[in-house]
Amino acid sequence: MEVNCLSKFAMRGQWDNFVQAYENNPMSREAKLTRSGDTALHIAAAAGQTNIVSELVEIMGENASNVLKIQNDRGDTALHLAAALGNEAMCHCMASKDRELISAADEGLANCSWSSGNLEDKEHHREKRGTYMGLSSNDDHGKSSRDSRPDKDGDTFSVPETPPVLENDQIFQSRNICLESAVAVHNKDGNARDETATAAVQELKFMKKKDQQSGRKATPILIAAKMGVTEMVEKILDTIPVAIHDLDSEKKNLVLLAVENRQTGIYKLLLDRKMLGESDLNIFEHVDIKGNSALHLAAKFGEYGPWRIPGAALQMQWEIKWYKFVKESMPRYFFLGYNNKGKTPKEIFTKTHKELVKDGQEWLSRTSESCLVVAALIASVALTTSATVPGGLNEQSGKPILENEPAFKIFAISSFVALCFSMTALSFFFSILTSTYREKDLAMALPRKLLLGLTSLFTSIAAIMISFCSGHFSVLRDEMRSAVYPLYAATCFPMIFFVLAHVPLYLDLIWAIFKKVPQRGKV
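Residue numbers are given in full-length UniProt numbering: position 251 of the sequence shown equals residue 251, and the series is strictly consecutive.
Listed below in structure tokens is the structure:
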């Protein structure tokens, strides 16, 4: 029972309970808790919980050596994960229990060499068939061991400091592919299909010219990913698969750049390739030089609103949807992960979206107030109309004189519908104005209330217009027949104008609420 609770405690950040359950159940030491085969130690290490890892290692006792050697389905030990985070204290805690961990082979791809050197700038190395971590160390004389060879005892190994990079011909080949793809997109059907493709062409030409002057090795696939040109990225990956591991100066890969710049097309492309087994799963677990994962970058709100939707409230709704979409595609242990500043994605999201939440509150208030005035007007007219009988009552029977007329029946029904829906619209708009405007309210509740309020308002406007025309027609059906229709049109024009002015907002609300993945607009 306690073994099953370990994952829940980690997800909730209840690390004290996590340690207690780990200590109370010896079976939890070697138990695989996730689909990726991660143990409790893997989870704690990946979450950057140095103190928790230290406590777990102490709890292991004499069995520590066996537990520390356990690998997950990707071939990573807990030491590998700690090394990928650049956490020297965590590495020292585990490596001090068993020297053999330092030279343990990682699925025959590479070996892990570690000592008390600074690990902050070390990379998490990838290969197509697996994952390995490269950790350079300093010997007693301060020399780097990354260029060393195994000594007689086999304690040190040669490990490359950086992942394999594209050679010159591969880089220029990828640039040419990128340029060809951009030109193809630009010239398709003789028109520019996407302005971003044109901008990408200009950017890549500038890169090429600058490279010739400085000799710098630029990576076109990162530019294409940042600018959202899916065709370029797809063609480069099909031709040069290793380009998927390219990093920029801030150590951001394709996934991080796509998430940071809200390039949903690029991110979905990488997700699709992952599902088909064409992309390395580990690119979604990569962190940049500041320790930010994809979820940290999804939580950060930029200086501009990239979403193709108007209104601060709907922008906020799509920011929440994007954050949740990225969160669902990330490994579990990233949910409560910390970056180098000790911030979780949730903390970053709350801090960077304060202004947008405030703007969303003001936008919703203004919109609701304007609609509330119209809804109140419709309600008052509908209430008066429902108590009025066109043509009067029969003095003898007390029944309406025009009760058998079709126009009278339409009048009675439409006036009742107008009253009901106008009152419904009033209740929705009042609930929006009295809302607390929390983040979770902007995610779905408030936009949905606005949509339902507008739907009720439009229905009540249509009903009151039908009620007016039918009542008027039943009384004057034999008089002014030639002038009655232009009169109806002139009378209904203000209401029609109001509805048409709000139709774009109504369609945007439907689009924003029912679309699962936000769509990025042009910037």
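For glycine and all other residues, C-beta sits at the position ideal for the given N, C-alpha and C. Please read all numbers here as calculations on a predicted model, not as lab measurements.
State the Cα-Cα distance for the pair residue i and residue j, rounded to the nearest angstrom.
{"i": "A10", "j": "R438", "result": "26 angstroms"}
{"i": "A299", "j": "G291", "result": "14 angstroms"}
{"i": "Y338", "j": "W511", "result": "34 angstroms"}
{"i": "E123", "j": "A84", "result": "Here the model assigns E123 a pLDDT of 40, short of 50, so the residue's position is not dependable, and the following value carries that caveat. Straight-line Cα distance between these residues: approximately 6 angstroms."}
{"i": "N340", "j": "S365", "result": "38 angstroms"}
{"i": "E88", "j": "S96", "result": "12 angstroms"}
{"i": "S54", "j": "L372", "result": "60 angstroms"}
{"i": "K69", "j": "T77", "result": "6 angstroms"}
{"i": "R262", "j": "Y485", "result": "52 angstroms"}
{"i": "S293", "j": "F497", "result": "48 angstroms"}
{"i": "F411", "j": "Y506", "result": "27 angstroms"}
{"i": "T239", "j": "V233", "result": "10 angstroms"}
{"i": "T491", "j": "I378", "result": "14 angstroms"}
{"i": "M90", "j": "L33", "result": "21 angstroms"}
{"i": "L270", "j": "L257", "result": "12 angstroms"}
{"i": "D246", "j": "I43", "result": "27 angstroms"}
{"i": "C93", "j": "W363", "result": "53 angstroms"}
{"i": "E250", "j": "H353", "result": "23 angstroms"}
{"i": "G228", "j": "K324", "result": "20 angstroms"}
{"i": "H472", "j": "A407", "result": "9 angstroms"}
{"i": "G61", "j": "A31", "result": "16 angstroms"}
{"i": "residue 552", "j": "S431", "result": "Only positions 1 to 523 of the chain appear in this structure, which leaves residue 552 out of reach."}
{"i": "E100", "j": "N66", "result": "11 angstroms"}
{"i": "P345", "j": "G48", "result": "14 angstroms"}
{"i": "Q170", "j": "K321", "result": "Residue placement at Q170 is flagged as unreliable, the pLDDT there being 43, under the threshold of 50; a coordinate-derived value is accordingly withheld."}
{"i": "A225", "j": "R29", "result": "42 angstroms"}
Given a cut-off of 8 angstroms on the beta-carbon distance, is the pair residue i and residue j in contact?
{"i": "K368", "j": "L433", "result": "In the sequence as presented, Lys is not what sits at residue 368; that position holds Ser. Against a cut-off of 8 angstroms, the Cβ pair of L433 and S368 comes out as a contact."}
{"i": "L356", "j": "Q315", "result": "yes"}
{"i": "A375", "j": "L426", "result": "yes"}
{"i": "E415", "j": "T459", "result": "The sequence given here places Ser at residue 415; Glu does not occur at that position. It is not a contact, given that the beta carbons lie outside the stated cut-off."}
{"i": "G499", "j": "I466", "result": "One detail in the question is off: residue 499 reads as Val in this sequence, not Gly. No, these two residues do not count as a Cβ contact at 8 angstroms."}
{"i": "A313", "j": "G265", "result": "no"}
{"i": "V326", "j": "I283", "result": "no"}
{"i": "A46", "j": "L81", "result": "yes"}
{"i": "H502", "j": "L454", "result": "yes"}
{"i": "Q519", "j": "R273", "result": "no"}
{"i": "L509", "j": "P447", "result": "yes"}
{"i": "F421", "j": "A387", "result": "no"}
{"i": "D98", "j": "N72", "result": "no"}
{"i": "L41", "j": "L56", "result": "yes"}
{"i": "E23", "j": "I52", "result": "no"}
{"i": "S380", "j": "T424", "result": "no"}
{"i": "K252", "j": "D288", "result": "yes"}
{"i": "E260", "j": "L297", "result": "yes"}
{"i": "residue 524", "j": "E328", "result": "Outside the displayed range of the chain (1 to 523) lies residue 524, so it cannot be described from this structure."}
{"i": "E405", "j": "S474", "result": "yes"}
Determine, for residue i, whether the minimum Cβ-Cβ distance to residues of chain B falls below 8 angstroms.
{"i": "I70", "result": "As a matter of chain content, chain B is missing from the structure shown, which is built from one protein chain."}
What is the residue span of the alpha helix (DSSP H) that residue i lies within?
{"i": "N72", "result": "No alpha helix (DSSP H) holds N72; DSSP gives it neither H nor E."}
{"i": "P406", "result": "P406 to L433"}
{"i": "E88", "result": "E88 to A95"}
{"i": "K327", "result": "A312 to E328"}
{"i": "M60", "result": "T50 to M60"}
{"i": "R366", "result": "K354 to S386"}
{"i": "W15", "result": "W15 to N24"}
{"i": "L254", "result": "L254 to E260"}
{"i": "I289", "result": "Taken as a continuous stretch (DSSP letters only), I289 belongs to no alpha helix (DSSP H), as it is neither H nor E."}
{"i": "M444", "result": "Run containing M444: none; DSSP gives neither H nor E here."}
{"i": "L81", "result": "A78 to A84"}
{"i": "D238", "result": "T230 to T239"}
{"i": "P220", "result": "P220 to M227"}
{"i": "L247", "result": "Looking at the DSSP string, L247 is not in any alpha helix (DSSP H), and its letter there is neither H nor E."}
{"i": "I43", "result": "A40 to A46"}
Tell me the DSSP secondary structure of residue i in three-state form.
{"i": "F9", "result": "helix"}
{"i": "P504", "result": "helix"}
{"i": "V517", "result": "coil"}
{"i": "H141", "result": "A caution first: H141 carries a pLDDT of 34, below 50, which makes its placement in the model too unreliable to give a value."}
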